[in-house]
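*Asks:*
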Amino acid sequence: MQLSAGRKIAVICSIFLLLCLASSINKHRPAEANSSVVGDESYVGVSDKLPTMSKVKYQDEFSCTDANTLSMLLVVLASYRYESLRRLLTSLSRNNYGCSVVDLHISIDKPLDLSTAVQEARERSIKLALEFEWRAGTKTVFRRLKHVGLSQSWFEATYASGDYEYLGIFEDDMQISRNFFPNFASLHHLIFAEDSVTAFCLHPADWEVRVPRACNVQGFSNILYESPEPCNWGPIWRFSDWRAYISWVSAMKDAGELPYVPENVSYNFNKYLNDGKDVQSSWVWRYNYDFSKRQVRYSIKKCLMEEEIFLAINHKEPGEHFKQKLDLDTDPQLLEFSSDALVKLIESERWILPLKYGKYDKGAKSLRG
């Protein structure tokens, strides 16, 4: 049967509309349907993955270019501290991620404490994670059925693999400045200019390892500097470097080795191992020592201003690191500053490459005693 010219046009238009509709549906499917962050099936029986619904990513009304676009996976490590998790997620959501693709993965460990109060707090945390709205990319929630502890939660942060440039890892008692991402996006090419640099630390200055710094060193920044000290509070790793590090950790564990270093460069990192502390910092310290790797830190207090700027703070709540809450640099007001002022301060520097780290100070003691 032949169709009239009018009916032919109608059929063609109908097919065109259906194709357009299918394309639109696919583009706006739930985030998980398009996400490559789906977990590793080898974990079946240890954890279960809870499907979540995330809205389509929001983009500002400006032109997206290679210079202001990057891809990042943010991993949040939690257990049962509901209010802490809510505070961290809220602070991350206040950032402007612009044109970048930033996915969120929330991993919730099972506590050893089986008391009703703790288990109910954990269920509230899971509910919060599931219902939390994330607009910068996709969101996944991973609920463990078995306790693995803090360090293993770090080591397994990237079982949800993907093609990212950067990986940020946050324990749940952290809080992040709304200026973290715009500042990192403007600086990341400079921070990672050297192959020896694996990560950038959002928490400022030194914590355990004092790094000698001079001001106005020709060719180098007054703000950014290299350090071998592991960043526990807001590290942003280059994704390829994190994978190399985790492969090394896996090989060490397969060989039954612990990451001890020579005692004269051990600070407290050997002690943490001797005391049986469940921390990942001793592993990063050994890795940096063996392979001459560095992490970039920042501080404006020494060379430029009287008050420090914080891109992240740790509330130092009771847990693996602190048996009692430590009130030191925990005021959320530390996170409030003018992003434009900081960018202008950085741009005013004649040189902005991170200051090089010299050599290990043998026999030096930890800043924390």
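Residue numbers (this note's numbering): 6 to 374. Yeah, the Cβ is synthetic: ideal placement off N, Cα and C, and Gly gets one too. Fair warning: this is a prediction, and the values are worked out from it, not measured in the lab.
What would DSSP say about Phe205, mapped onto helix, strand or coil?
*Replies:* Three-state result, Phe205: strand.
*Asks:* In chain order, what are the residue ranges of uninterrupted beta strand (DSSP E) at least 3 long that sit wholly in the stretch 92-160?
*Replies:* Within the stretch 92-160, the complete beta strand (DSSP E) runs of at least 3 residues are 106-113, 144-149.
*Asks:* For Ala317, report the span of its beta strand (DSSP E) as first-last.
*Replies:* It spans 317-319 - the beta strand (DSSP E) in which Ala317 sits, taken as one unbroken run.
*Asks:* Give me, in chain order, the residues of the same chain whose beta-carbon lies closer than 8 angstroms to that of Ile251; leave out the 5 immediate sequence neighbours on both sides.
*Replies:* The answer, listed in chain order, is Phe160, Thr163.
*Asks:* State the Cα-Cα distance for the pair Pro116 and Arg149, rounded to the nearest angstrom.
*Replies:* C-alpha separation (whole angstroms): 10 angstroms.
*Asks:* Excluding the five sequence neighbours on either side, which residues of its own chain have a C-beta within less than 8 angstroms of the C-beta of Ser297, listed in chain order?
*Replies:* Around Ser297: Ser201.
*Asks:* Quick one: what does DSSP say Leu75 is sitting in, helix, strand or coil?
*Replies:* Coil at Leu75, not helix or strand.
*Asks:* Let's see if you can read the secondary structure: which residues bound the alpha helix (DSSP H) around Tyr294?
*Replies:* Where Tyr294 is concerned, the enclosing alpha helix (DSSP H) stretches over 286-296.
*Asks:* For the alpha helix (DSSP H) containing Glu352, list its first residue and its last residue.
*Replies:* 344-352 is the span of the alpha helix (DSSP H), which, as asked, contains Glu352.
*Asks:* Please work out which residues of its chain come closer than 6 angstroms, Cβ to Cβ, to Ser96, disregarding the five sequence neighbours upstream and downstream, and give them in chain order.
*Replies:* If we look at Ser96 and ignore the five residues flanking it on each side, its Cβ neighbours are Gln180, Ile181.
*Asks:* Could you give the distance in angstroms between the alpha-carbon of Lys144 and the alpha-carbon of Pro337?
*Replies:* Cα-Cα distance, rounded: 26 angstroms.
*Asks:* Of all the options Thr74, Val80, Gly261, which has the alpha carbon lying nearest to the alpha carbon of Trp247?
*Replies:* Checked all of Thr74, Val80, Gly261; the closest Cα to Trp247 is Val80.
*Asks:* Tell me which residues share the same chain as Leu339 and place their Cβ nearer than 7 angstroms to its Cβ, disregarding the 5 neighbours each side in the sequence.
*Replies:* Closer than 7 angstroms at Cβ, skipping near neighbours: Phe315, Ile318.
*Asks:* Tell me which residues share the same chain as Gly142 and place their Cβ nearer than 6 angstroms to its Cβ, disregarding the 5 neighbours each side in the sequence.
*Replies:* Answer for Gly142: Lys62, Val106, Val107, Asp108, listed in chain order.
*Asks:* Beta carbon of Leu360, beta carbon of Val254: below 8 angstroms?
*Replies:* No, the pair does not count as a contact, with Cβ atoms beyond the cut-off.
*Asks:* Classify Thr203 as buried or exposed, calling it buried when 16 or more other Cβ atoms lie within 10 Å of its own Cβ.
*Replies:* Buried, because 16 or more other Cβ atoms sit within 10 Å of the Cβ of Thr203.
*Asks:* Since Ser344 contacts Asn188 with CB under 8 angstroms, what's their CB separation in whole angstroms?
*Replies:* Sure, about 6 angstroms apart at Cβ, within 8 angstroms.
*Asks:* Would you give the residue range spanned by the beta strand (DSSP E) that Ile314 belongs to?
*Replies:* Per DSSP, Ile314 belongs to no beta strand (DSSP E) and is neither H nor E.
*Asks:* Please classify Ala83: does DSSP put it in a helix, a strand, or coil?
*Replies:* Ala83 falls in the strand class under three-state DSSP.
*Asks:* Starting from Arg248, trace the alpha helix (DSSP H) both ways and give me its first and last residue.
*Replies:* Unbroken alpha helix (DSSP H) run through Arg248: 244-259.
*Asks:* Please name the residue in Pro233, Leu207, Ala198, Ile196 whose C-alpha comes closest to that of Glu213.
*Replies:* Here the closest residue by C-alpha is Pro233.
*Asks:* In chain order, what residues of the same chain have a beta carbon less than 8 angstroms from the beta carbon of Ala15, not counting five sequence neighbours either side?
*Replies:* Note that Ala15 has pLDDT 40, beneath the 50 cutoff, so the model's placement of it is unreliable and the number below is only indicative. Closer than 8 angstroms at the Cβ level, and outside the excluded window around Ala15, lies no residue.
*Asks:* Quick check on DSSP: helix, strand or coil for Gly44?
*Replies:* Any reading at Gly44 needs caution, since the residue's pLDDT is 34, under 50, leaving its predicted position unreliable; the model's value is listed next. Coil.
*Asks:* What do you get for His208, buried or exposed, if any count of 16 or more other CB atoms within 10 angstroms of its CB means buried?
*Replies:* His208 should be labelled buried.
*Asks:* First and last residue of the beta strand (DSSP E) that includes Ser232?
*Replies:* Note, Ser232: beta strand (DSSP E), 229-232.
*Asks:* Please classify Leu119 as buried or exposed, where buried requires at least 16 other C-beta atoms within 10 Å of its C-beta.
*Replies:* Exposed: under 16 other Cβ atoms inside 10 Å.
*Asks:* When you compare the stretch 82-92 with the stretch 122-130, are there three or more beta-carbon pairs, one atom per stretch, that lie closer than 8 angstroms?
*Replies:* The answer is yes - the stretch 122-130 touches the stretch 82-92, with three or more Cβ pairs under 8 angstroms.
*Asks:* Helix or strand or just coil, what does DSSP make of Phe197?
*Replies:* The answer is coil: DSSP assigns Phe197 none of H, G, I, E or B.
*Asks:* Apart from the five residues on each side of it in sequence, which residues of its chain come closer than 7 angstroms, Cβ to Cβ, to Ser287?
*Replies:* Pro264, Phe274, Tyr277, Leu278.
*Asks:* I need the straight-line Cα distance from Ser226 to His194, nearest angstrom please.
*Replies:* Rounded to whole angstroms, Ser226 to His194 spans 14 angstroms at the Cα level.
*Asks:* Helix, strand or coil: how does DSSP classify Phe225 here?
*Replies:* Here Phe225 sits in coil by DSSP.
*Asks:* Taking just the CA atoms, how far does Ile228 sit from Ala346?
*Replies:* Ala346 and Ile228: Cα-Cα distance of roughly 14 angstroms.
*Asks:* Please work out which residues of its chain come closer than 8 angstroms, Cβ to Cβ, to Glu322, disregarding the five sequence neighbours upstream and downstream, and give them in chain order.
*Replies:* Contacts found: Arg86, Ser89, Asp178, Lys330.
*Asks:* Can you tell me whether Leu172 is helix, strand or coil according to DSSP?
*Replies:* It is a strand residue.
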